[in-house]
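Engineer:
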Amino acid sequence: MRMPVLKRVDSETNELVMLDLNEVLFINIESRNIVYHTSNEKFYQITTLSELSEHLREQSFDILDKTNLVNMNKIKSLDSKYGKLYFEENPTSGSTFASVSALQQKIKKNDILRAIAANTNKSMEYTVKEPKLGYSLSAFRSTE
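Sequential numbering of the sequence shown, starting at 49, is according to my numbering.
(1) Looking only at its own chain, which residues have a Cβ that is under 6 Å from the Cβ of K90, when we skip the five neighbours before and after it?
(2) How far does the alpha helix (DSSP H) with S160 in it extend, from its first residue to its last?
(3) Taking 6 Å as the limit between beta carbons, can you name the residues of its chain near A163, skipping five residues before and five after?
(4) How many angstroms separate the CA atom of L64 from the CA atom of I111?
(5) The alpha helix (DSSP H) that contains L104, what's its start and end?
(6) Around the C-beta of L54, are 16 or more other C-beta atoms found within 10 angstroms, so that it is buried, or is it exposed?
(7) K180 by DSSP, collapsed to three states: which one?
(8) Given this structure, state the Cα-to-Cα distance separating L133 from A146, to the nearest angstrom.
(9) So F109 and L117 are supposed to be a Cβ contact under 8 Å. How far apart are they, rounded?
Dropping the structure here:
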């Protein structure tokens, strides 16, 4: 079995690697961190979502609330009223969703809408809402 862990590159940099548990000699705790020891290296357990997000950002994962990382390449619709991102264009009550906080909706709304447009092969059309407030999404238009 393989699992994602962090390998220390230097005192400030970690690298995400897949550790084969058959290579582990023992596991212990060092300064509140779970450490996997092999014959010649140490690997550290990923313990926080933000720590994991640092390494998954290149794969388009983003923290959109304090409890989840969302693959931005997979989202297809947004329910901004209830703070839900769906992974299908026409979600139902039983559809899988990830939550997005109100603050993150505000901060990353354009990124979310661009991702949805890209993932659904649609373009975004904007209309001016109020000059001081910027733009608001008015519609998605199919590019097919």
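Ideal Cβ positions, reconstructed from N, Cα and C, are used throughout, including at glycine.
Structural biologist: With the structure as the only source:
(1) V83
(2) Checking the displayed sequence, the identity of residue 160 turns out to be Ile instead of Ser. Taken as a continuous stretch (DSSP letters only), the alpha helix (DSSP H) holding I160 covers A150 to N167.
(3) M120 and I123
(4) 17 Å
(5) L97 to L104
(6) buried
(7) Residue confidence for K180 is low, a pLDDT of 49 falling below 50, so the modelled location carries little weight; the figure read from the coordinates is stated next. Three-state result, K180: coil.
(8) 5 Å
(9) 5 Å
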